[in-house]
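> Structure below; questions to follow.
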Amino acid sequence: MKTHSLILHAILAATIFSCKPENPPVVQDWEAMSLDGRKLYPPKESPESLRAKDSLLAIAQANYLADSNNLDNVIWLGRRIAYLSRYREAIEVYTRGMKRFPQSPELYRHRGHRYLSIRKFDQAIADFKQAAALAKGRSVEIEPDGIPNRLNQPLSSLQFNIYYHLALAYYLKGEFEQAVPYYDTCMVYSTNPDLLAATTDWLYMTYRRLGQTEQAQKLLEPIGPDMEIIENDAYYQRLLMYKGLINPESLLDLENTDPATGVSIVTQGYGVANWHLCNGDSAKAKAIFAKILETEQWAAFGYLAAEADQFRH
Numbered sequence: 000m001k002t003h004s005l006i007l008h009a010i011l012a013a014t015i016f017s018c019k020p021e022n023p024p025v026v027q028d029w030e031a032m033s034l035d036g037r038k039l040y041p042p043k044e045s046p047e048s049l050r051a052k053d054s055l056l057a058i059a060q061a062n063y064l065a066d067s068n069n070l071d072n073v074i075w076l077g078r079r080i081a082y083l084s085r086y087r088e089a090i091e092v093y094t095r096g097m098k099r100f101p102q103s104p105e106l107y108r109h110r111g112h113r114y115l116s117i118r119k120f121d122q123a124i125a126d127f128k129q130a131a132a133l134a135k136g137r138s139v140e141i142e143p144d145g146i147p148n149r150l151n152q153p154l155s156s157l158q159f160n161i162y163y164h165l166a167l168a169y170y171l172k173g174e175f176e177q178a179v180p181y182y183d184t185c186m187v188y189s190t191n192p193d194l195l196a197a198t199t200d201w202l203y204m205t206y207r208r209l210g211q212t213e214q215a216q217k218l219l220e221p222i223g224p225d226m227e228i229i230e231n232d233a234y235y236q237r238l239l240m241y242k243g244l245i246n247p248e249s250l251l252d253l254e255n256t257d258p259a260t261g262v263s264i265v266t267q268g269y270g271v272a273n274w275h276l277c278n279g280d281s282a283k284a285k286a287i288f289a290k291i292l293e294t295e296q297w298a299a300f301g302y303l304a305a306e307a308d309q310f311r312h
């Protein structure tokens with residue numbers, strides 16, 4: 000499997016780059032640098048997971064080799080590389096794709112996402128704004144999922160993802176006032192319960208950070224205990240917590256969270272920590288932030304937000 004992955008990596012490099020340097024660059028084994036200067040490495044995955052991702056990358060690579068002038072082939076090559084936590088390489092794919100497709104909002108949207116992953120927030124903002132400009136006037140377009148949900152039913156649109164990630168970039172910078180109007184626009188494209196739950200959760204947290212508790216509470220009015228959620232249950236459960244329908248302890252058990260994967264702590268941890276912080280328990284919030292940062296899930300938005308909060312404070 001490892002040999003297979005290395006072969007794919009070599010083929011991709013030969014395909015994308017037309018010139019071979021006389022002195023090959025030193026391989027960089029870390030993928031990103033945290034805001035506080037820590038080197039971030041690709042998280043450990045099971046052999047089965049890596050084999051599956053390698054197989055899907057091989058398909059994307061074959062499609063790209065067959066027709067590199069097909070926009071979808073460029074997008075999927077970048078996405079499949081990114082799912083292996085090779086974000087800088089994915090950024091290169093999107094950047095080169097922009098030379099062929101300079102009017103593609105999709106490429107800017109996906110490159111912006113991966114700039115977030117490697118902590119380049121200003122570059123991400125520039126890309127998302129360019130994506131928004133290029134997508135202006137286009138009909139709403141559902142994005143295919145790279146990692147399908149349990150119903151194999153794509154839920155989000157290009158437009159939703161542009162504004163969702165743009166607002167998040169400002170949130171991560173601590174520029175909460177700038178995030179609000181983009182979350183408001185994202186709400187326009189939150190056309191199903193899953194998207195409504197995700198956008199409401201982040202906008203709620205944004206309002207709470209701004210001290211605008213009344214606006215935050217008003218957001219919760221459409222949220223009820225019987226919503227049909229397909230994939231964003233973590234966001235939905237936090238919204239029910241904000242409404243007082245469930246307690247935070249039922250969402251997050253710090254003692255029983257698996258530190259190797261960090262799935263539970265990152266998925267629920269940031270929202271619960273933010274809730275404690277905004278309700279005056281900074282010690283509990285900081286303890287949860289610290290737990291999040293002990294995991295390897297550094298590309299997850301909850302980890303990014305916890306890291307950004309800790310870095311600023």
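Under numbering that gives the first Met the number 0, the letters of the sequence shown match residues 0 to 312, in that order. No residue lacks a Cβ here, since even glycine has one placed at the ideal position from N, Cα and C. Note that the structure is a prediction, hence the values are computed from the model and not measured.
#1: Quick one: Cα of G96 to Cα of A197, how far?
#2: Do the stretch 157 to 172 and the stretch 78 to 98 meet, that is, are 3 or more Cβ pairs less than 8 Å apart?
#3: With a threshold of 8 Å on Cβ separation, who are the neighbours of V78 within its own chain once the five nearest residues in sequence on each side are excluded?
#4: I need the straight-line Cα distance from L76 to N62, nearest angstrom please.
#5: Quick one: give me the first and last residue of the alpha helix (DSSP H) that W75 is part of.
#6: If you scan the stretch 153 to 240 from start to end, which runs of the alpha helix (DSSP H) of 4 or more residues do you find wholly inside it?
#7: Hey, quick one: how far does the alpha helix (DSSP H) through I141 stretch, first residue to last?
#8: Taking C-beta to C-beta, are P42 and Q296 nearer than 8 Å?
#9: What is the rounded straight-line gap between the Cα of D66 and the Cα of N72?
#10: Going by the CB atoms, is the gap between I287 and V271 shorter than 8 Å?
#11: When you compare the CB positions of Q177 and Y188, do they come within less than 8 Å of one another, or not?
#12: So if DSSP puts A272 in a beta bridge, which residue, or which two residues, is it bridged to?
#13: Is the stretch 241 to 251 touching the stretch 172 to 186, taking contact as three or more C-beta pairs under 8 Å?
#14: Can you tell me which of A298, A299, F300, L253 puts its alpha carbon nearest to the alpha carbon of A284?
#15: Can you give the Cα-Cα distance for Q236 and P192, rounded to whole angstroms?
#16: Which two residues bound the contiguous alpha helix (DSSP H) that contains A282?
#17: Take the Cβ of S84 as the centre, count every other Cβ of all protein chains shown within 10 Å, and call the residue buried at 16 or more, exposed below.
#18: Between which residues of its own chain and A298 is the CB-CB distance below 6 Å, once the five residues before and five after are set aside?
#19: Taking R99 as the reference, give the member of Y234, S249, N69 with the closest Cα.
#20: Among the candidates S48, L64, I80, P46, whose CA atom is the shortest distance from the CA of L56?
#21: For L218, collect the residues of the same chain with a Cβ closer than 8 Å to its Cβ; drop the 5 residues on either side in sequence, then sort them by chain order.
#22: Determine which residues share a DSSP beta bridge with M32 and list them.
#23: State the start and end residues of the unbroken alpha helix (DSSP H) segment that holds L115.
#24: Grouping DSSP H, G and I as helix and E and B as strand, with all else coil, what is P247?
Result, derived from the coordinates:
#1: Inter-residue distance for G96 and A197 is about 30 Å (C-alpha atoms, whole angstroms).
#2: As far as the Cβ criterion goes, the stretch 157 to 172 does not touch the stretch 78 to 98, which means the pair count is below three.
#3: Checking the sequence, you will find Arg at residue 78 rather than Val. Only A59, A89, H109, G145 meet the Cβ criterion.
#4: So the two alpha carbons sit approximately 8 Å from each other.
#5: Residues 70 to 81.
#6: Complete alpha helix (DSSP H) runs here, min 4: 157 to 171, 175 to 187, 192 to 208, 212 to 218.
#7: Following the DSSP letters along the chain, one finds I141 in no alpha helix (DSSP H), marked with neither H nor E.
#8: Yes. Within cutoff.
#9: Distance between the alpha carbons of D66 and N72: 7 Å.
#10: Contact flag set, yes.
#11: Taking 8 Å as the Cβ cut-off, Q177 and Y188 do not qualify as a contacting pair.
#12: The partner list for A272 (beta bridge, DSSP) is empty, contrary to what the question assumes.
#13: The stretch 241 to 251, when compared against the stretch 172 to 186, does not touch it at the 8 Å Cβ threshold.
#14: For the residues A298, A299, F300, L253, the minimum Cα distance to A284 belongs to L253.
#15: Our two residues, Q236 and P192, have alpha carbons roughly 13 Å apart in a direct line.
#16: Its alpha helix (DSSP H) spans residues 281 to 292.
#17: Buried is the call here.
#18: Cβ neighbours of A298 beyond the five flanking positions: S116.
#19: Checked all of Y234, S249, N69; the closest Cα to R99 is N69.
#20: That would be I80, whose Cα lies nearest to the Cα of L56.
#21: These residues qualify, in order along the chain: T199, L202, Y203, Y206.
#22: Answer is K38.
#23: For L115, the uninterrupted alpha helix (DSSP H) segment begins and ends at 104 to 116.
#24: Secondary structure at P247: helix, using DSSP grouped into helix, strand and coil.
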